[in-house]
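From first to last, the protein sequence lines stand for chains A and B.
Be aware that the first sequence starts at 1, since it is given in the working numbering, and climbs by one per residue.
Be aware that the second sequence starts at 1001, since it is given in the working numbering, and climbs by one per residue.
Glycine is no exception: its CB is placed at the ideal position from the N, C-alpha and C atoms.
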Amino acid sequence: MLSRTAEGLFWMSRYVERMDNTARLLDAGRRLDALPRQDGATSSEWTSIVIASGCSDSFPDDPESATSTTVREHLVRDETNPSSIVSCILAARQNAKAVRPSLTSEVWEAINQTQSELKKHLHNEFDRKNLNAFLDWAHGRAALIIGSVLGTMMRDDRYGFVQIGKWFERADATARLLDVKYHVLLPKVADVGGGFDYLQWLQILRAANSATAFRHAYGRSPDAEGVVDLLVLNPQSPRSLRTALEQLDFELTSLTKGNVGLQQKLLAQVKLQSRAIDQLALEDIFARGLHEWLTNFILETNNLARMTAVAFGFGAIPEPDAS
Amino acid sequence: MYNEMFRGSGLRDEYAVIDAWLKKHGPTALLDRQAEAEEMFRRIGITFAVYTEGSDPDRLIPFDMVPRVFNEKEWSIVERGSIQRAKALNCFIADVYGDRNIVKEGIMPEAMILNNPAYIKQMNGYRPPNDIWSHIIGVDIVRTEEDKFFVLEDNCRTPSGVSYVLQNREVMHRMFPDLFEGGRVRPVDGYGELLAAAMQDCAPANCPGKPTLALLTPGQYNSAYYEHYFLADLMGIDLVEGSDLFVDNDIVYMRTTNGPQRVDVLYRRLDDEFMDPEVFFEGSTLGVPGIIRAMKAGNLTMVNAPGTGIADDKSVYTYVPEMIRFYLNEEPIIENVTTYCCERPDELAYVLEHLSELVVKEVHGSGGYGMLIGPTSTAAQVEEFRAKLIARPNNYIAQPTLALSTSPILTPDGMSPRHVDLRPFVISGNQTSLIPSGLTRVALQDGSLVVNSSQGGGVKDTWVLSDRTSHA
Chain A
1 MLSRTAEGLF
11 WMSRYVERMD
21 NTARLLDAGR
31 RLDALPRQDG
41 ATSSEWTSIV
51 IASGCSDSFP
61 DDPESATSTT
71 VREHLVRDET
81 NPSSIVSCIL
91 AARQNAKAVR
101 PSLTSEVWEA
111 INQTQSELKK
121 HLHNEFDRKN
131 LNAFLDWAHG
141 RAALIIGSVL
151 GTMMRDDRYG
161 FVQIGKWFER
171 ADATARLLDV
181 KYHVLLPKVA
191 DVGGGFDYLQ
201 WLQILRAANS
211 ATAFRHAYGR
221 SPDAEGVVDL
231 LVLNPQSPRS
241 LRTALEQLDF
251 ELTSLTKGNV
261 GLQQKLLAQV
271 KLQSRAIDQL
281 ALEDIFARGL
291 HEWLTNFILE
301 TNNLARMTAV
311 AFGFGAIPEP
321 DAS
Chain B
1001 MYNEMFRGSG
1011 LRDEYAVIDA
1021 WLKKHGPTAL
1031 LDRQAEAEEM
1041 FRRIGITFAV
1051 YTEGSDPDRL
1061 IPFDMVPRVF
1071 NEKEWSIVER
1081 GSIQRAKALN
1091 CFIADVYGDR
1101 NIVKEGIMPE
1111 AMILNNPAYI
1121 KQMNGYRPPN
1131 DIWSHIIGVD
1141 IVRTEEDKFF
1151 VLEDNCRTPS
1161 GVSYVLQNRE
1171 VMHRMFPDLF
1181 EGGRVRPVDG
1191 YGELLAAAMQ
1201 DCAPANCPGK
1211 PTLALLTPGQ
1221 YNSAYYEHYF
1231 LADLMGIDLV
1241 EGSDLFVDND
1251 IVYMRTTNGP
1261 QRVDVLYRRL
1271 DDEFMDPEVF
1281 FEGSTLGVPG
1291 IIRAMKAGNL
1301 TMVNAPGTGI
1311 ADDKSVYTYV
1321 PEMIRFYLNE
1331 EPIIENVTTY
1341 CCERPDELAY
1351 VLEHLSELVV
1361 KEVHGSGGYG
1371 MLIGPTSTAA
1381 QVEEFRAKLI
1391 ARPNNYIAQP
1401 TLALSTSPIL
1411 TPDGMSPRHV
1421 DLRPFVISGN
1431 QTSLIPSGLT
1441 RVALQDGSLV
1451 VNSSQGGGVK
1461 DTWVLSDRTS
1471 HA
């Protein structure tokens, strides 16, 4: 396969997944913002969303002063922000168009139609009601595109590059979503583990579409340990970091052929990281500090994505925003 | 004016099925279905880009649903005439970059070649496999009577439009399967096979086995990108951009996820001057440095070869009937339109005297730009053009305005005749052949003679009826 084709499939898939995840983050922000506040405590939900989206640098104001309006504008419409939903859709379609011979007509039409429909949505002002409808639409389109890939593409290398794009992006997004909680200030230190803390974790779960899954898997109310276990270590969760690494290991193993040195090096590295998370215990994460562990994970995963690009002969992946 | 749907005052038998279909549905319902078809085109992404007009560059070519029909006898004229022309044009290009017998025999002045901007001196002495330079030739044909055809121009560089031929049929087939029942319309499915086979036939001398084929596109911002994708997909070959290719030791490779892979035959949809910064525009980033060297070393065949533009120039056009006699020893099956070369003083004098009756075109122009259509122009426009002609006579040719045939289209006010032309695509490999259809372009403005898609022309599905039913 042409390296450029692999690159296009990889990025098309990353942008589709990112569109979905940016929508999830906005959803998390909206839910956190709606939590009842005590005694005039300052809110930091929107700041945390900006940081977690990796958009601190592109955000036009000081992230500390972020409000629902400015964040919404930056994460939905702002075309100068490569992670905004609009940018993701445009970039996904542009990449898809460049690799059209490698896509089934179902996948192409799902992506092409998303851009056509986007135009209609952008006529609306994004007040609370419209925003919800828009985020629902974005989730639906992502599900349609991802489903079309699963349902119609041959399980060959092209499919493989679509999959690794998705898993790299999802690993990054889940880690960032978990980190939101670190940046959201609790009103008082004593609130850790309290009712407000619980509500915040619940919103994170909801944004990860995992609140129901949590109850099924753990049979209790959400708490820090449970949420981290589900989204980092649980091998059954489609959004956990462990699942992402396992899938990357699986896909890269089948993409790697022959004796290309860089590919062998990449394969060794992905197996190393995959094995490490298999053997990791929840206590190890909290001993290191959740925020520190997540920051390191994001860096390692991005490094792996860069190695992947180099090993298959396509361009450099941009430096991660290591916040 | 000849309306192709009728013979004398009666409906032609060939159109009986279409007439019944029109009556059954009625123009209003069909216009709704046409909007549905256009939505289908947009969803599939069959668009062409026009960048001169701001806003959404991805535009649809308007599609008119009423098919245009040729019977076997009419098609035979088009087919034999186009094949004859393609053969003669390939002989001519080989001669230009070879012995120049046509000059030696005094048929064409050498200046005609040397002063032509499409002449590429770097190609002198090169011999492509099978001596075929232009593997895909689009011949633009018009019609004035039931069996009277003229060639308006030849397209020997990278003619486009064949994707519409196939997709128009596909859409009609999907929406109105009844029309095609009984196999009376000859299918167009063979194009991909035909083109891929021709590319394989032309594998370069040093090709190490089964040739690897690829299609080179300038990229997704090119107006014909959809077609590039479509044809690569149809043939199951890689769609590459210049940056995917590199030349090492005079061999062309594409960069793949598993290292370099050799390319033997390249259907390139990139203009000559962008192909190789070593030979042409130094600044071109669309092309591939060294690719001309690889071609000359016998390691790559380019489809079409560089330099083929020498054969489709409007001044060279006037010599094509002579070429047919000279190279093939045959009489032209389809005539040229009478053409006045304004560089010849006597012909210029005639043109200036009859300006308001003639069509005047730039010798090297294309796309329907920069032309004067005398009968439909204002006196001021005619005078403006007169000044241009006197200033640079050798930049223009003139032709009488033909009474082009018409074909009915759907309009909100019912059926209405519009002028049409036809572009069949001739493929040259071991054989020279074409599929039984072509691109019918239709002027959508009442009375307009300009069918170019960049000027608001539309397209139609084009049928060739199989022999056993065409005279039913």
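- Message: Could you compute how far the alpha carbon of Asp172 of chain A sits from the alpha carbon of Val149 of chain A?
- Response: Along the first sequence, read from residue 1 onward, the residue named residue 172 of chain A stands at position 172. Along the first sequence, read from residue 1 onward, the residue named residue 149 of chain A stands at position 149. Rounded to whole angstroms, Asp172 of chain A to Val149 of chain A spans 21 Å at the Cα level.
If you measure from the beta carbon of Ile1399 of chain B to each beta carbon in chain A, is any gap under 7 Å? Taking the first residue of the second sequence as 1, we reach residue 1399 of chain B at position 399. For the record, residue 1399 of chain B in the displayed sequence is Gln; it is not Ile. Not closer than 7 Å to any Cβ of chain A, the Cβ of Gln1399 of chain B fails to qualify, so no.
>> Between the alpha carbons of Met1199 of chain B and His1135 of chain B, how many angstroms are there, rounded?
In response: Taking the second sequence and counting its residues from 1, one reaches residue 1199 of chain B at position 199. Taking the second sequence and counting its residues from 1, one reaches residue 1135 of chain B at position 135. Their backbone Cα atoms lie some 8 Å apart in a straight line.
query = Shorter than 7 Å from the beta carbon of Ala268 of chain A to some beta carbon of chain B?
reply = Along the first sequence, read from residue 1 onward, the residue named residue 268 of chain A stands at position 268. No, because no Cβ of chain B sits closer than 7 Å to the Cβ of Ala268 of chain A.
Whole angstroms is fine: what's the gap from Met307 of chain A's alpha carbon to Leu262 of chain A's? The count along the first sequence starts at 1 and reaches residue 307 of chain A at position 307. The count along the first sequence starts at 1 and reaches residue 262 of chain A at position 262. Going from the Cα of Met307 of chain A to the Cα of Leu262 of chain A covers about 8 Å.
Quick check: Leu1266 of chain B and Met1302 of chain B, are their CB atoms within less than 7 Å of each other? Here residue 1266 of chain B refers to the residue found at position 266 when the second sequence is read from its first residue. Here residue 1302 of chain B refers to the residue found at position 302 when the second sequence is read from its first residue. Yes, they are a contact pair.
Note to self: Going by DSSP in three states, Val1464 of chain B sits in which element: helix, strand or coil?
What the structure shows: The residue given as residue 1464 of chain B occupies position 464 in the second sequence. It is a strand residue.
Are the stretch 1330-1342 of chain B and the stretch 1389-1407 of chain B touching, with three or more C-beta to C-beta distances below 8 Å? yes
**Prompt:** Which whole-angstrom value is the C-beta distance of Thr354 of chain A and His183 of chain A, which I expect to be below 8 Å?
**Reply:** Chain A is shown only over 1 to 323; residue 354 of chain A falls outside these bounds and no answer can be derived.
(request) Mind listing, in chain order, the continuous alpha helix (DSSP H) runs of no fewer than 4 residues lying wholly within the stretch 210-278 of chain A? (result) 211-218, 224-228, 241-255 and 261-278
Handout entry: Phe1041 of chain B to Glu1282 of chain B span [Cα, whole Å]
Key = In the second sequence, counting from the first residue as 1, residue 1041 of chain B sits at position 41. In the second sequence, counting from the first residue as 1, residue 1282 of chain B sits at position 282. Spanning the two alpha carbons is a distance of roughly 38 Å.
_According to DSSP, simplified to helix, strand and coil, what is Glu1278 of chain B?_
Within the second sequence, residue 1278 of chain B is the residue found at index 278, counting from 1. DSSP places Glu1278 of chain B in coil when its eight states are reduced to three.
Given that a residue counts as buried once 16 or more other Cβ atoms are within 10 Å of its Cβ, and exposed if not, what is Lys97 of chain A?
-> For this step, residue 97 of chain A is matched to residue 97 along the first sequence. Label assigned to Lys97 of chain A: buried.
Spatially closest choice to Asn1071 of chain B from B:Asp1013, B:Arg1127, B:Tyr1097 and B:Glu1110, by CA coordinates
Position 71 of the second sequence holds residue 1071 of chain B. Here the closest residue by C-alpha is B:Asp1013.
Count the other C-beta atoms from every protein chain shown that fall within 10 angstroms of the C-beta of Tyr1221 of chain B, then say buried if there are 16 or more, exposed otherwise.
Your numbering for residue 1221 of chain B matches position 221 in the second sequence. Looking at its Cβ environment, which holds fewer than 16 other Cβ atoms inside 10 Å, Tyr1221 of chain B is exposed.
Exercise. Based on the DSSP output, what are the partners of Gln1261 of chain B in its beta bridges?
Worked result: Sequence index remark: in the second sequence, residue 1261 of chain B carries index 261 (1-based). Per DSSP, B:Met1254.
- prompt: If you compare alpha carbons, which of B:Ala1305, B:Pro1204, B:Gly1008 and B:Pro1211 is closest to Ile1137 of chain B?
  reply: Taking the second sequence and counting its residues from 1, one reaches residue 1137 of chain B at position 137. Here the closest residue by C-alpha is B:Ala1305.
For the alpha helix (DSSP H) holding Met1302 of chain B, just list the boundary residues, first then last.
Within the second sequence, the letter at position 302 stands for residue 1302 of chain B. Where Met1302 of chain B is concerned, there is no enclosing alpha helix (DSSP H), although the beta strand (DSSP E) it sits in stretches over Thr1301 to Val1303.
Q) Using DSSP with H/G/I as helix, E/B as strand and the rest coil, what is Ser148 of chain A? A) One-based indexing of the first sequence puts residue 148 of chain A at position 148. Correct three-state label for Ser148 of chain A: helix.
For the beta strand (DSSP E) containing Ser1243 of chain B, list its first residue and its last residue.
Here residue 1243 of chain B corresponds to residue number 243 of the second sequence, with the count starting at 1. First-last for Ser1243 of chain B: undefined, no H or E at that position.
Residue(s) in a DSSP beta bridge with Arg1068 of chain B: As a first step, residue 1068 of chain B must be located in the second sequence, where it is residue number 68. Answer is B:Thr1462, bridged to Arg1068 of chain B.
Checklist line | chain A within 7 Å of Ser1055 of chain B, Cβ atoms only | finding: The residue labelled residue 1055 of chain B in the question sits at position 55 within the second sequence. With a pLDDT of 44 at Ser1055 of chain B, under the threshold of 50, the modelled position of this residue cannot be trusted; read the value that follows with caution. Answer no: the Cβ-Cβ gap between Ser1055 of chain B and chain A never drops below 7 Å.
Of all the options B:Cys1091, B:Phe1176, B:Arg1157 and B:Thr1144, which has the alpha carbon lying nearest to the alpha carbon of Gln1326 of chain B?
Stepping through the second sequence from its first residue, residue 1326 of chain B is reached at position 326. According to the sequence provided, residue 1326 of chain B is Phe. The question's Gln does not apply to it. The residue with the shortest Cα to Cα distance from Phe1326 of chain B is B:Cys1091.
Gly165 of chain A versus A:Leu2, A:Ala309, A:Gly313 and A:Met1, residue with shortest Cα-Cα distance:
Along the first sequence, read from residue 1 onward, the residue named residue 165 of chain A stands at position 165. The residue with the shortest Cα to Cα distance from Gly165 of chain A is A:Ala309.
Task: Where the beta strand (DSSP E) containing Leu1213 of chain B begins and where it ends - done: Locating residue 1213 of chain B in the second sequence gives position 213, where the first residue counts as 1. Leu1213 to Leu1216 is the span of the beta strand (DSSP E), which, as asked, contains Leu1213 of chain B.
| query | If we ignore side chains and look at the alpha-carbon of each, how far apart do Lys1314 of chain B and Pro1117 of chain B end up? | reply | Mapped onto the second sequence, residue 1314 of chain B falls at position 314. Mapped onto the second sequence, residue 1117 of chain B falls at position 117. Whole-angstrom Cα-Cα distance: 12 Å.
| field | Secondary structure, beta strand (DSSP E): runs of 3+ residues fully inside the stretch 1300-1344 of chain B | value | Here the runs fully enclosed are 1301-1303.
For the stretch 92-154 of chain A, which segments carrying the alpha helix (DSSP H) assignment without a break, of at least 4 residues, lie completely within its bounds, in sequence order? 105-122 and 128-152
Exercise. Where Phe959 of chain B and Pro1159 of chain B are concerned, what is the direct C-alpha to C-alpha distance, given to the nearest angstrom?
Worked result: This structure cannot speak to residue 959 of chain B, because chain B is shown only from 1001 to 1472.
Q.
I'd like to know whether the C-beta atoms of Thr104 of chain A and Met153 of chain A end up nearer to each other than 7 Å.
A. Residue numbering aside, residue 104 of chain A sits at position 104 when the first sequence is read from its first letter. Residue numbering aside, residue 153 of chain A sits at position 153 when the first sequence is read from its first letter. Yes, Cβ-Cβ distance for Thr104 of chain A and Met153 of chain A is below 7 Å.
For the beta strand (DSSP E) containing Thr1144 of chain B, name the first residue and the last one. Taking the first residue of the second sequence as 1, we reach residue 1144 of chain B at position 144. That run of the beta strand (DSSP E) goes Ile1136 to Glu1145.
With a Cβ-Cβ cutoff of 7 Å, do Ala1214 of chain B and Ile1251 of chain B count as a contact?
Indexing the second sequence from 1 puts residue 1214 of chain B at position 214. Indexing the second sequence from 1 puts residue 1251 of chain B at position 251. It is not a contact, given that the beta carbons lie outside the stated cut-off.
Among the residues of its own chain, which have a CB less than 6 Å from the CB of Trp201 of chain A, if the five just before and after it don't count?
Position 201 of the first sequence holds residue 201 of chain A. So the qualifying residues of the chain are Pro222 and Val227.
| field | Contact set between Ser3 of chain A and chain B, taken where Cβ atoms lie within less than 7 Å | value | Position 3 of the first sequence holds residue 3 of chain A. By Cβ distance, chain B contributes Arg1255, Thr1256 and Thr1257.
Shortest alpha-carbon distance to Ser1284 of chain B belongs to which of B:Leu1166, B:Gly1290 and B:Met1275? As a position in the second sequence, residue 1284 of chain B is number 284, starting the count at 1. Nearest C-alpha to Ser1284 of chain B: B:Met1275.
For Asp1264 of chain B and Pro1211 of chain B, believed in contact at Cβ under 8 Å, the rounded distance
By one-based count along the second sequence, residue 1211 of chain B stands at place 211. By one-based count along the second sequence, residue 1264 of chain B stands at place 264. Yes, they are in contact, since the Cβ atoms of Pro1211 of chain B and Asp1264 of chain B sit about 4 Å apart, within 8 Å.
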